[in-house]
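See structure below.
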Amino acid sequence: MASNPHDIVPAHLAVQAMRDNGYKNAAYAIAELMDNAIQAGATQVELLCGERKEASGQRKRSRINQIAVLDNGRGMDTAVLRLALQFGNGTYLDEDKHVGIGRFGMGLPSSSVSQCEKVDVWSWQNGVDNALYTYLDLEEIKQKKLTEVPEPKSKPIPAIWQQVGKNFGKTGTLVVWSRIDRCIWKTGSAIIDNSELIIGRMYRKFLESGRVSIRMLAFDLDNPGTAIVPLKKAAPNDPGYLIAETSCPAPFDNQPMFQPWEGDSEYEWTCPIEFRDKIHEVKVRFSYAKEEARAGQNPGSLPHGQHAAKNVGISIVRAGRELELDQTLVIKYDPTERWWGIEVEFPPSLDDLFGVTNNKQSARNFAELVKFDIESLLKNGKTISQLKEEFQEDEDPRGPLLDIIQKIDSQLNIIRRLLKAQTKGTRSGNKRHTGPVAEQVATAATEERKKEGHVGQSDRDESKPKEIRQTEITETLTDQGVTETQAKELAAKTINDGLKYTFAEADLETAAFFSVKPRGGAIIVTLNTSHPAYDKLVEVMEKDVDNVDAETLRTRLSNSLEGLKLLLMAWARYEDEQPDGKRRQAAQDTRVDWGRIARQFLELEE
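Start counting the sequence shown at 0; every next residue gets the next number (numbering that gives the first Met the number 0).
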């Protein structure tokens, strides 16, 4: 089975190159398989993650070993099944078939090799007992043992998949990845946890309407009756938060958290676009948070606010399936950005105009055009019609999209102003925080970091009984000079409110500005009241502001800012005084690492 030495693109090299095909992660690669299933009329799709114990140093750890996607679609015959595993081939390539979420003929093989070295496919049209089987094996391709897709043959589906899969209908397809070597997530639970939000967002319209149900399960391959992750069903995840029942936490799990935009135009704006001598419709939808979603102190730190923070951007939807959440227009440093939603939905007939990539992860032309500062161009006297003419003169096909970009720009500016006015004055009545707001934000941020795999020294004590934890926190605080009454109150508040942090003030016998003590499953941060930074940064801001004139307030703010600058300059000098490059680099690395965590904490503040 030797290949032609003069092939323009030797197959064994081309397939290796295709492994780096730009899939953001395993969730997006898995979505390609789900696209195929939905295109084939499936109403039930399953993501099945099989783990197996593997030796890791002195112990064995459970690691992902196989990933499968099962569907009850119409299945494939011999010819179509063989075609489906060819790169760049498929049954939806012709323009008159560009009506669904499939098109490019790259999904199955391309997504598979981006994550694994072998993909096995079974498909049946008359019961699972009549399943046809074929495969791709990168090692065999590399060794030139496999130069074409093997002709499908009858082969029983392995018992393990028949045992864990629940939707083996009269017709269907099972795709199994093995020798998984490029998946960044190493366990089935991590794959499901990270895929759930993305898949729920991609297929929210299918899930909401009931057209498709997606089941997810992680299990032990050697003991398939053991579910590592209990059965989950993907819930719709709507970044516009207009769907009633979604994955958003309570109280917005069964009611919309946002409301349709009701400004100068309707929330759903339809833009007719002429492309290739035909008129096509693009729908743009706008939404923004309800007032009750932003009520109280720091709503962004609450579960529903944290959920919204993961769905920031313009949702680009093609044939009912989200391609991406474009963040070009997002003001990254402004946490209020989480409180608006924009959805742009277009038909597959406009793929070339929008610049849809073959892995269906972005609309390249749209994303590039969003970067244009159209408002500035219009202010300089140009009109949209003139801009379109310039695009046409430059033979740039993206001109028809200018109307959409301009509409989004203008409406988003209005919505942002409304959001800022929405909460104006709601916090002014609170001269001081009545509860541990910062502690709540930090606790939420820490939970996010734990989900990402970051482990802290204090985490191991979280499983201790509450009484023991409270006693340990109290004793630590009193040892640092906090009064016994204050220590007991702080400890009780920390445990009862489920907080990760306790913040205290005491006169510490140390040159440090603050101390950090992990005790009782919490992290105790104590400010040193005898440190000059305390007077400059803390005490000046905690003084009563009642009956204080504006000039005095300005002086206090100025002093506080001066103290912050001096603190940062002191750190800069500390780095500068390090005696050698290694210690200086260690100090710089510490600054960067701390800054990264600080950014994650502060982003939850709104």
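Here a beta-carbon is modelled for each residue, glycine too, at the ideal position from N, C-alpha and C.
Quiz prompt | 8 Å Cβ cutoff met for Glu504 and Thr477 | solution = no
Self-check item: Contact between the stretch 292-312 and the stretch 275-282 (3+ Cβ pairs under 8 Å)
Solution: no
Quiz item: Which word fits Met215, buried or exposed, when buried means at least 16 other C-beta atoms lie within 10 angstroms of its C-beta?
Solution: buried
Self-check item: Secondary structure, beta strand (DSSP E): runs of 3+ residues fully inside the stretch 123-177
Solution: 131-136
Quiz item: Can you give the Cα-Cα distance for Phe600 and Val440, rounded to whole angstroms?
Solution: 7 Å
Quiz item: Looking at the structure shown, is Phe512 part of a helix, part of a strand, or coil, going by DSSP?
Solution: coil
Quiz item: Between which two residues does the alpha helix (DSSP H) containing Trp260 stretch?
Solution: Note, Trp260: premise wrong, no alpha helix (DSSP H); not H, not E.
Quiz item: Can the beta-carbon of Arg468 be found less than 8 Å from the beta-carbon of Gly519?
Solution: yes
Self-check item: Expected contact under 8 Å - CB spacing of Val343 and Ile272 to nearest Å
Solution: About 12 Å separates the two Cβ atoms, so there is no contact after all.
Exercise. In the DSSP assignment, find the beta strand (DSSP E) that holds Gln485 and state where it starts and stops.
Key: No beta strand (DSSP E) contains Gln485, which is instead part of the alpha helix (DSSP H) from Glu483 to Asn495.
Exercise. Return the residue from the list Glu336, Pro399, Pro151 and Gly224 that minimises the CA-CA distance to Thr133.
Key: Pro151
Quiz prompt | alpha helix (DSSP H) segment containing Ala437, residue limits | solution = Val436 to Lys450
Quiz item: Quick one, which of Leu82, Ala189, Leu526 and Leu417 has its alpha-carbon nearest Lys449's?
Solution: Ala189
Quiz item: Near Ala307, which residues of its chain fall below 6 Å by C-beta distance, leaving aside the five closest residues on each side in sequence?
Solution: Arg337
Exercise. With distances taken Cα to Cα, identify the nearest neighbour of Ile522 among Thr445, Gly304 and Asp579.
Key: Thr445
Quiz item: Relative to the C-alpha of Gln254, which residue among Val148, Val120, Asn236 and Asp119 is closest?
Solution: Asn236
Quiz item: Using the rule of at least 16 other Cβ atoms within 10 Å of the residue's Cβ for burial, across every protein chain shown, is Ala234 buried or exposed?
Solution: buried
Quiz item: With a CB to CB cut of under 6 Å and the five nearest residues on each side skipped, what residues in its chain are close to Trp339?
Solution: Tyr287 and Ile414
Practice problem: Please report how far the alpha carbon of Met75 lies from the alpha carbon of Gln65, in whole angstroms. | Solution: 23 Å
Quiz item: DSSP on Ala607, reduced to helix/strand/coil?
Solution: Given that the chain is displayed from residue 0 to residue 605, the structure contains no residue 607 and the question cannot be resolved.
Self-check item: Where the beta strand (DSSP E) through Ile341 begins and ends
Solution: Trp339 to Phe345
Self-check item: For Leu401, the three-state DSSP class (helix, strand or coil)
Solution: helix
Quiz item: When the Cα atoms are used, what is the spatial distance from Leu46 to Ile213?
Solution: 8 Å
Quiz item: Based on the DSSP secondary-structure assignment, which residues constitute the bridge partners of Pro235?
Solution: According to DSSP, which records beta bridges pairwise, Pro235 is partnered with nothing at all.
Self-check item: Inter-stretch contact at 8 Å, needing at least 3 Cβ pairs: the stretch 50-62 / the stretch 149-166
Solution: no
Exercise. State the start and end residues of the unbroken alpha helix (DSSP H) segment that holds Ala189.
Key: Gly187 to Met201
Self-check item: Rounded separation between Pro229 and Asn71 - CA only
Solution: 22 Å
Quiz item: To the nearest angstrom, how far is it from the Cα of Ala510 to the Cα of His530?
Solution: 7 Å
Exercise. Taking only the alpha-carbon atoms, compute the straight-line gap between Pro302 and Ser246 and give it to the nearest angstrom.
Key: 11 Å
Practice problem: Report the three-state DSSP secondary structure of Glu116 (helix, strand or coil). | Solution: strand
Quiz item: Sorted by chain position, which residues of the same chain lie with C-beta nearer than 6 Å to Ala36's C-beta, five sequence neighbours on each side aside?
Solution: Val44, Asp70 and Gly72
Quiz item: Quick one: what's got a C-beta closer than 6 Å to Asp19's C-beta in the same chain, skipping five residues either side?
Solution: none
Quiz item: What's the C-alpha gap between Gly398 and Ile383?
Solution: 9 Å
Exercise. Sort out for me which residues DSSP pairs Ser55 with in a bridge.
Key: Arg58
Exercise. Measure the alpha-carbon distance for Ile197 versus Tyr266 and round it to whole angstroms.
Key: 24 Å
Quiz item: Excluding sequence positions up to five away, which residues of its chain have a Cβ less than 6 Å from the Cβ of Ala490?
Solution: Gln469, Ile472 and Thr473
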